[in-house]
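Notes for the one structure printed next.
Below you can see the structure in the form of structure tokens.
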């Protein structure tokens, strides 16, 4: 992905907290008709960092990440990637930069095999468009293993997997395609305790591979385990952007519930 | 001065001639039925049968120089009654009505006639004819009789080919089981069966309106009943497919004697290759044609005839004429 | 063994295969003097079943992509009409064929555009186009059949290709059916376009999010179906030696039934070409078999309907039992 070459010197994996953030969004405004979804949002994600994006319903979390992943365009504001201004107008633009989203519904086709799901839309071919099934099977299994998922059959249909495993497949997909920034949209919703832990482990794995993560959720308890920083939204406005060491769970909950900016 | 007077008289005479001649010529162009309007209220629809009926109506109207319109109520009796009332309200010079029910039309027709509108029956008549309905005349064919005609033709051929007539196995394929045309025609065939002393009943094959499905089902039936002697098509589509079905079932011409209705390409081929004995041309062109003419003559002179348009048996011998006229919607 | 069959056919289709073989045996035994296996019947089956089959392949493909097309019932006579008219104007056979195929594909394209741009349910949209084209054909032809013998001599190359017999025994139609089944099968199961078809039908939002041009995929399927309809329309036209306005009546539902019996899901995302191939033959042999067994030819439709329902239910139940 040569588009990702930046003017500033290259960053190495696993060294979070570099001077220039991976992604920086400045003065973002977005309205849908008369509804003001986002107002003057300044949000950034550093390299190999896990940021928790939290807030109650209608806060604007979805809108924000849809802008960075190319589904919406901000009415006002700019986005910087590796220090350079970029225009993200379509999902393909975002993907090209290495920004991938794993949705609530995992964007997986339930009746289709794991391998075919991982390579959906990006199937490797061996000439004339015929799929290289061998490569698909091998590569998908390889990536799943890297994540710590033990699935024997790449031809197994996604529907047959558990919720946690399915999240694993979705994450493996973005991992394979060398995402730099992975957005997890409510990844632990409707999962059991065990499966949720699995997902949190996957998240750690991503960071270990040098990949940044935006972890969107309602579940403060889950995200507190893995995130290093928390960005709270309420009714389209930023309430706070605080590092984990400067806060605790109760503090965060209080902020979200009150919905008011902290007086610093 | 005398010359001048002569000149004026001559000029005036010439002028009168000049005016008269064109008006005589133009008058010659006035067709007899000019200004008349007739309405045909039918239960027909968009199918080949009614297309020919309409052609007959249109040709007659063109020849007579009158206007004629047709209502196609498509087997919807309620709708047809409504159309009839609308036609009556228009006060046309005559109405031709398909009398497809023996009681329903009695009063409406009588009322219309009382109002001074000529009403005749066409294509279909009250079962009791003029005794059952007040219509002033009737033009049409008898579906039942047509069935009997084709039945006779086929059974006669069976007899001639040496088959044991009393034990003939008879079947008929129909596009829409239970539809009026099929029921009436098959009862006509049953009449013929009685005439020839054929025991047993006629078996009905549900063939559907679709060509391939009809062919497939008829084929399977023929294969399943290797002792079949006579096969009828009760409609244009089934008749068309019988020849191919017999060929599919590896039957040679004459093993199963077939007959049916209408003159579609497949049927014509069947007649030419001896797979089919005969087919009925209903001559519905004449029904449309004569309806208009009779209404015209009735309006003008009060004639009230009974015209039987009959059923015309198409066989290998008279097929050429049909082939020429079929594409023109005349037969 | 089970795995190979599953892999190749998809689970639901292997069920169809089992039932298909069972039906063959059943009818073989119970048909009046074993007529099921008589050459006459088998050749008739091979000649006539592909009419439905070729169209069912396309309908099933589209269903896997998640959409319906009811207008096939009108595209068939439309193609036949176009072909007949062109023949009548004296165009060379190749041109007639070519233009007819283009017409079919255009109708498909139109369907595809309408479905994807209006976002209305394809069932409704194609019901509309079916009625629209049917009305046009009825009006243009005045419902009169048009024979083609006047313009097409016996034994022309086209005739041999579309309605002849190989070695005088095997009807060409079944070979065409196989031909299209193989092409579409390879496309669907081995080509990436096929993957796009599956994911578009299974989870269209996911597919779109992953960059698959779902609208394009659907339109392509509609165009393919349009072509298949026009091909079949010409094939039928030459076999019955005429254009009839009633060609294809009822095919839209029979094709869907064939696909469903062959394991295609109504919701999309599930199905296989071998399954549809077998599904068509299954429906046809049920129809033929029942008549051959002496079932009352009058109510045959009722039997076929019942058989289809039983079959579809069993298919779903079996899939559920095996946990797929």
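Chains as they are written, first to last, in the working numbering: chain F, 36 to 299; chain L, 178 to 508; chain X, 104 to 427.
Glycine is no exception: its CB is placed at the ideal position from the N, C-alpha and C atoms.
Remember, predicted model here, so these are calculated numbers, not experimental data.
Open item on the list: Rounded to whole angstroms, what is the Cα-Cα separation between residue 371 of chain L and residue 329 of chain L?
Closed with: 10 angstroms
TODO: Just the chain F side, please: which residues come within less than 7 angstroms of residue 315 of chain X by C-beta, in chain order?
DONE: 155, 156
Task: Beta-carbon spacing of residue 116 of chain X, residue 361 of chain X below 7 angstroms - done: no
- [ ] Give me the Cβ distance between residue 298 of chain L and residue 281 of chain L, rounded to the nearest whole Å; I'm assuming they're in contact under 8 angstroms.
- [x] Not confirmed; about 13 angstroms, so no contact.
Task: Spatially closest choice to residue 494 of chain L from L:447, L:472, L:326, by CA coordinates - done: L:447
Task: Distance between beta carbons of residue 237 of chain L and residue 466 of chain L, contact taken as under 8 angstroms - done: 5 angstroms
Open item on the list: Can you confirm whether residue 372 of chain X, when its beta carbon is compared against all beta carbons of chain F, has any partner nearer than 7 angstroms?
Closed with: yes
Task: Buried or exposed (CB count within 10 angstroms, at least 16 for buried), residue 130 of chain F - done: buried
Open item on the list: Distance cutoff 7 angstroms, beta carbons only. Does residue 164 of chain F sit that close to anything in chain X?
Closed with: yes
Task: residue 199 of chain X - DSSP class collapsed to helix/strand/coil - done: helix
Task: Own chain residues within Cβ distance below 8 angstroms of residue 101 of chain F, not counting five before or after - done: 107
Open item on the list: So, at 7 angstroms on beta carbons, what are the nonlocal neighbours of residue 205 of chain L in its own chain, with the 5 sequence-adjacent residues on each side left out?
Closed with: Residue confidence for residue 205 of chain L is low, a pLDDT of 49 falling below 50, so the modelled location carries little weight; the figure read from the coordinates is stated next. Cβ within range, chain order: n/a, list empty.
TODO: Along the beta strand (DSSP E) that carries residue 78 of chain F, what are the first and last residues, could you check?
DONE: 70-80
TODO: Report the three-state DSSP secondary structure of residue 166 of chain F (helix, strand or coil).
DONE: strand
Open item on the list: What does the alpha-carbon distance come out to for the pair residue 325 of chain X and residue 229 of chain X?
Closed with: 11 angstroms
Open item on the list: Using 8 angstroms as the cut-off, can you tell me whether the region 388-399 of chain X makes contact with the region 176-196 of chain X, which would need three or more C-beta pairs spanning the two stretches below that distance?
Closed with: no
TODO: With residue 453 of chain L as the anchor, note down where its alpha helix (DSSP H) starts and where it stops.
DONE: Run containing residue 453 of chain L: none in the alpha helix (DSSP H); it sits in the beta strand (DSSP E), 453-458.
Open item on the list: Output needed in chain order: residues of the region 187-199 of chain F with a Cβ under 8 angstroms from some Cβ in chain X.
Closed with: 190, 192, 194, 195
Task: Cβ shell of residue 225 of chain X (< 6 angstroms), same chain only, five flanking positions each side left out - done: 170, 171, 218
Open item on the list: Could you compute how far the alpha carbon of residue 415 of chain X sits from the alpha carbon of residue 348 of chain X?
Closed with: 31 angstroms
Task: Buried versus exposed, by CB contacts within 10 Å (16 or more), residue 504 of chain X - done: The displayed coordinates of chain X run from 104 to 427. Any statement about residue 504 of chain X would go beyond what the structure contains.
Open item on the list: Distance cutoff 7 angstroms, beta carbons only. Does residue 300 of chain L sit that close to anything in chain X?
Closed with: no
Task: Cβ contact (3+ pairs, closer than 8 angstroms) linking the region 335-350 of chain X and the region 380-399 of chain L - done: yes
Open item on the list: Three Cβ pairs or more, each shorter than 8 angstroms: is that satisfied between the region 52-61 of chain F and the region 115-130 of chain F?
Closed with: yes
Task: Of the listed residues F:256, F:188, F:153, nearest to residue 213 of chain F (C-alpha basis) - done: F:153
Open item on the list: For the ligand FAD, I want to know if residue 399 of chain X counts as a neighbour, meaning its beta carbon is within less than 6 angstroms of at least one of the ligand's heavy atoms.
Closed with: The model on display carries no ligand, and the ligand FAD is accordingly not part of it.
- [ ] Going by CA-CA distance only, name the one from L:266, L:484, L:207, L:469 that's closest to residue 215 of chain L.
- [x] L:469
Task: Reduced DSSP secondary structure (H/G/I, E/B, other) of residue 135 of chain F - done: strand
Task: Among X:327, X:381, X:237, X:301, nearest to residue 281 of chain X - alpha-carbon criterion - done: X:381
Task: Pairwise C-alpha distance: residue 293 of chain F and residue 368 of chain X - done: 49 angstroms
Open item on the list: Distance check for residue 122 of chain X and residue 151 of chain F, CA to CA, integer angstroms please.
Closed with: 29 angstroms
Task: Own chain partners of residue 384 of chain L with C-beta closer than 8 angstroms, once the 5 adjacent residues on each side are dropped - done: 350, 351, 352, 390, 391, 394, 395, 414, 415, 418
Open item on the list: Within a Cβ cutoff of 6 angstroms, which residues of the same chain sit near residue 266 of chain X, ignoring the five residues on either side of it in sequence?
Closed with: 341, 342
TODO: State the Cα-Cα distance for the pair residue 285 of chain L and residue 403 of chain X, rounded to the nearest angstrom.
DONE: 41 angstroms
TODO: Enumerate, from N- to C-terminal direction, the unbroken beta strand (DSSP E) stretches of 3 or more residues contained entirely within the region 428-452 of chain L.
DONE: 434-438
Open item on the list: Taking CB distances under 7 angstroms as the criterion, tell me whether residue 70 of chain F reaches chain A.
Closed with: Within the model displayed, chain A is absent; protein chains F, L and X are what it includes.
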